[in-house]
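S.K.: The working numbering puts the first residue of the sequence shown at 118, with every later residue one more than the last.
The C-beta atom is built at its ideal place from N, Cα and C for all residues, glycine as well.
Treat the numbers as computed from the prediction; the structure is a model and nothing was measured.
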Amino acid sequence: MAILAACISKRSPFLRDALVVGTGIATFGVCVLLAFQGETELTIPGVCGFGLTFQADGFRAIYGCIAAFMWMMSGIFSPEYFSHHAENRGRYGLFNLLTLGATLGVFYSNDLYTTFIFFEIMSVTSFVMVAHEETPGAMRAAYTYLAVAVIGGMTTLMGLFLTYKQLGTFAFDALAAAKASSGADLTAASWLVVVGFAAKAGLYPLHIWLPKAHPVAPAPASALLSGILTKSGVFGLIVVCSRLMAGDAAFGNLLMVFACITMFLGALLALFSVDLKRTLACSSMSQIGFITVGLSTMVLLGEHGSFAAYGSVMHMANHSLIKLVLFMAAGVVYMNTHSLDLNVIRGYGRKKFVLHACFLLGALSIACIPPIGSGYNSKSLLHEALLELIVHQQEHGHIWMPYKAAEILFLISGGLTIAYMVKLYICIFWQKNPERQAEYDASGRSMNPVSALALIGSAIVLPFLGAMPATFLTPLGDMSAHFFGQHHPEHHIDYFCAANLEGAAISISIGAAVYLLTVRPLLMKKNESGVRVYVNRWPAKVDLEDMLYRPLINFVLNLCGKILGFAASIPDSKLILAFIPRAVTALIRGIAELPERIVLLLRKTIFAVSHAHHKVPVGNRFTYTLGCAMNAVSKLLNRIFHREKPFRTDFEYVLDASWQELRKSTGLFTVSVSFGLLLMCVGLYVTFLYLLK
């Protein structure tokens, strides 16, 4: 369908749009059918060596439906949005549908290898959506997005190599059991796997692409980037947290540190921003932080983390649907004003009832205002899980103050969320534009009925999720509990209990104080005409990409250039030309063989094998059977032919020791190959970054 849409784009734009929208509707229908059918499995053997496995059940079936719903609604909204941008619409339709297929491949995958393959396909196809406008800003943001995706993906691939070496499987259902039976330490492998998924999710410090890609991408693409593509990264984090590192305190604590930074920093950046879509993008970064706080809490609580799991999956679903509404609303504003600057779009929403109502529902939901703010329910569970963790630490006599600090930061970040959403809402729908208000009021309707249908159809879901969480959200948690490795909560979930309402009241108070004491007096100033305008007080130089990543990459590339330049300046001598390759080869070989040599040295010294002639535990059935047979033959020969000089070799021990030696040698070879692959990845990184420079 994607290729067909691209082929007919120029001949029949209407048919192209109908095909894209129809594909989205049909896909949503199929996903709903899969969800109601129960567990549906599909295996395609032989693809990419390991084959591909899929399963639609519980959490995966639900998120497949959410992804398809978002693609359907953004597809319905797209024709009017792109009516003023006729260029490359066929290309957008092509890569939009390819990204849909790859995203569903991620959410329906049943093993890490399948997840990785579709995850990388999704990264490449979505790159084109970010670069759609082809402006300098769009191209820079798209290349940053691609660089983070490729480097993160290759790091994840190395983690998958190590995971498979230690566990021998990629299957989700077998990972936890394989880890328990092998006793393997998966800390390094898990963090390598996390890097790629965390980068896609927008987790600090790999968030650099997110605030830059969303503002430059078309609004329908921004809704998908924020609402679904970031959740594909969270999907990978869920697998690692629930199957590889469940109960690992060190992993959970470090992940919580990154989550808290992401949660607070995203909210702070959103508060300072004066660009509508950048504010929503930074808000997405902050909400990913909230979700990851839930995942890290689940890791720390182990099998008692059901509230954290329920809160995480509910907030994932809430955030996806909320950002679909808010980014489409931002698209309506942009296609009428051709600007995202708050000072330009100020007052546009006055007298625009449909736009006003839909944006308000999204704002109340992301700000977690009960009872119709759907985000209130999920954040209340996340907050309750944090409190449960604090009590758990206190009861066991463990350190609990850092988790109390995390809870305080959680409430403050919730308050900042309220502050920046109030800022957007008042700016667009209540304040008057000093220059263009008459033009805005006379502009009439802001969108056609089809676009209004997409916006209303997306927004109408939110108050039901907020007001009736036991009907809609609790079943979502129940269906997802197994995938998160958790049981159902031991007691009934009371969403509107006094403790949860108190937490919401604290965040609302913080938000009101921040808006009145910070936004109004400090983030606004009078211009030359005496009109108060919004200003961004965030220092432009404080950018992690420009401060750290790009200078570091340039340093490495310049260093490599100088080394190669020096090598090229060496006189053309056969002796030198023969010496340099040999020296470099010897150096690389020495580095590659270093782990093996260290292991061999330890085996000959500290871990030297004892040669005492006594039985050792038999390694496997084959060596035991063959050893017994050879011992019997040896005894027979000793009685008949070798009475004076009998054989005293215990072949059970010899064969077992030989088998263990063979396994160790194979393991050393695998480590050497893995290290060689790591060096190859480093070389590919440098080449890729040089091409991007």
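Does the separation of the CB atoms of residue 579 and residue 491 fall below 7 Å?
M.R.: Yes, they are a contact pair.
S.K.: Where does the unbroken beta strand (DSSP E) through residue 651 begin, and where does it stop?
M.R.: Element bounds for residue 651: 649-651.
S.K.: Here's the rule: buried if 16 or more other CB atoms are within 10 angstroms of the residue's CB, otherwise exposed. What is residue 550?
M.R.: The residue is buried, with at least 16 neighbouring Cβ atoms inside 10 Å.
S.K.: Under 8 Å, with one C-beta from each stretch per pair, do the region 488-508 and the region 664-684 reach the 3-pair mark?
M.R.: Flag = no, the region 488-508 and the region 664-684 do not touch.
S.K.: Three or more beta-carbon pairs under 8 Å between the region 171-179 and the region 596-614, yes or no?
M.R.: Flag = yes, the region 171-179 and the region 596-614 touch.
S.K.: Spell out the partners DSSP gives residue 159 in its beta bridges.
M.R.: The partner list for residue 159 (beta bridge, DSSP) reads 171.
S.K.: Just to confirm, are residue 197 and residue 568 a CB contact at a threshold of 7 Å?
M.R.: In this structure, residue 568 lies closer than 7 Å to residue 197 by Cβ.
S.K.: Per the DSSP calculation, residue 226 is bridged to which residue(s)?
M.R.: DSSP output for residue 226 lists 171 as bridge partner(s).
S.K.: Buried or exposed: which applies to residue 237, given that a residue is buried once 16 or more other Cβ atoms fall within 10 Å of its Cβ?
M.R.: It is buried - the Cβ of residue 237 has at least 16 other Cβ atoms within 10 Å.
S.K.: Counting along the chain, where does the beta strand (DSSP E) carrying residue 643 start and finish?
M.R.: Note, residue 643: beta strand (DSSP E), 641-643.
S.K.: Below 8 Å on the Cβ atoms is my guess for residue 405 versus residue 357; work out the distance and round it to an integer in Å.
M.R.: That pair is no contact at about 15 Å.
S.K.: Would the beta-carbon of residue 648 be found less than 6 Å away from any heavy atom of the ligand GTP?
M.R.: The ligand GTP is absent from the structure shown, which contains no ligand whatsoever.
S.K.: What are the boundary residues of the alpha helix (DSSP H) that includes residue 496?
M.R.: Taken as a continuous stretch (DSSP letters only), the alpha helix (DSSP H) holding residue 496 covers 491-512.
S.K.: Output the boundary residues of the alpha helix (DSSP H) element that contains residue 450.
M.R.: Taken as a continuous stretch (DSSP letters only), the alpha helix (DSSP H) holding residue 450 covers 423-454.
S.K.: Select from 227, 611, 702 the residue whose C-alpha is nearest the C-alpha of residue 428.
M.R.: When only C-alpha atoms are compared, the closest one is 611.
S.K.: Give the DSSP-derived three-state secondary structure of residue 302 in the structure shown.
M.R.: Here residue 302 sits in coil by DSSP.
S.K.: Assuming contact is defined by CB atoms lying nearer than 7 Å, are residue 449 and residue 417 in contact in what I supplied?
M.R.: Their beta carbons are not under 7 Å apart, which means residue 449 does not touch residue 417 by this criterion.
S.K.: Once the 5 residues before and after residue 390 are set aside, which same chain residues still bring their CB inside 7 Å of it?
M.R.: Cβ neighbours of residue 390 beyond the five flanking positions: 396, 399, 653.
S.K.: Thinking residue 361 and residue 292 are a contact (beta carbons under 8 Å), I'd like their distance in whole angstroms, please.
M.R.: Yes, they are in contact, since the Cβ atoms of residue 361 and residue 292 sit about 6 Å apart, within 8 Å.
S.K.: Give every residue of the same chain whose Cβ lies closer than 6 Å to the Cβ of residue 411, excluding the five residues on either side of it in the sequence, and list them in chain order.
M.R.: Excluding residues within five positions, the ones whose Cβ falls inside 6 Å are 425, 428, 429, 499.
S.K.: Note down, in chain order, each residue of its chain lying with its Cβ closer than 8 Å to the Cβ of residue 323, except the 5 sequence neighbours on either side.
M.R.: Cβ within range, chain order: 265, 269, 312, 315, 316.
S.K.: Please state the DSSP three-state secondary structure of residue 134.
M.R.: Residue state, collapsed to three classes: helix.
S.K.: What does a CB cutoff of less than 6 Å around residue 534 pick up in its chain, not counting 5 residues either side in sequence?
M.R.: Same-chain partners within the cutoff: 384, 484.
S.K.: Can you check whether the CB of residue 328 is closer than 7 Å to the CB of residue 394?
M.R.: Not a contact, by the Cβ cut-off of 7 Å.
S.K.: How is residue 458 classed by DSSP in three states: helix, strand or coil?
M.R.: The answer is strand: DSSP assigns residue 458 an E or B state.
S.K.: So residue 369 and residue 413 are supposed to be a Cβ contact under 8 Å. How far apart are they, rounded?
M.R.: That belief holds up - the Cβ atoms of residue 369 and residue 413 are roughly 5 Å apart, short of 8 Å.
S.K.: Please classify residue 272 as buried or exposed, where buried requires at least 16 neighbouring CB atoms within 10 angstroms.
M.R.: So residue 272 ends up on the buried side.
S.K.: Given this structure, state the Cα-to-Cα distance separating residue 701 from residue 162, to the nearest angstrom.
M.R.: If I take the Cα positions, the gap works out to 42 Å.
S.K.: I need the boundaries of the alpha helix (DSSP H) containing residue 544, first residue and last residue.
M.R.: Its alpha helix (DSSP H) spans residues 518-546.
S.K.: Using DSSP with H/G/I as helix, E/B as strand and the rest coil, what is residue 336?
M.R.: Reduced to three states, the DSSP call for residue 336 is helix.
S.K.: Whole angstroms is fine: what's the gap from residue 376's alpha carbon to residue 617's?
M.R.: Each residue's Cα considered, the two are about 21 Å apart.
S.K.: Could you give the residue range of the alpha helix (DSSP H) that holds residue 573?
M.R.: Residue 573 -> alpha helix (DSSP H) spans 566-576.
S.K.: Rounded to a whole number of angstroms, what is the C-alpha to C-alpha distance between residue 540 and residue 651?
M.R.: Residue 540 and residue 651: Cα-Cα distance of roughly 10 Å.
S.K.: Keeping to the same chain, check which residues put their C-beta closer than 7 Å to that of residue 593; ignore five residues upstream and five downstream.
M.R.: If we look at residue 593 and ignore the five residues flanking it on each side, its Cβ neighbours are 179, 430, 431, 434.
S.K.: Can you tell me whether residue 248 is helix, strand or coil according to DSSP?
M.R.: Residue state, collapsed to three classes: coil.
S.K.: Do the CB positions of residue 772 and residue 740 come within less than 7 Å of each other?
M.R.: Result yes, Cβ atoms of residue 772 and residue 740 sit closer than 7 Å.
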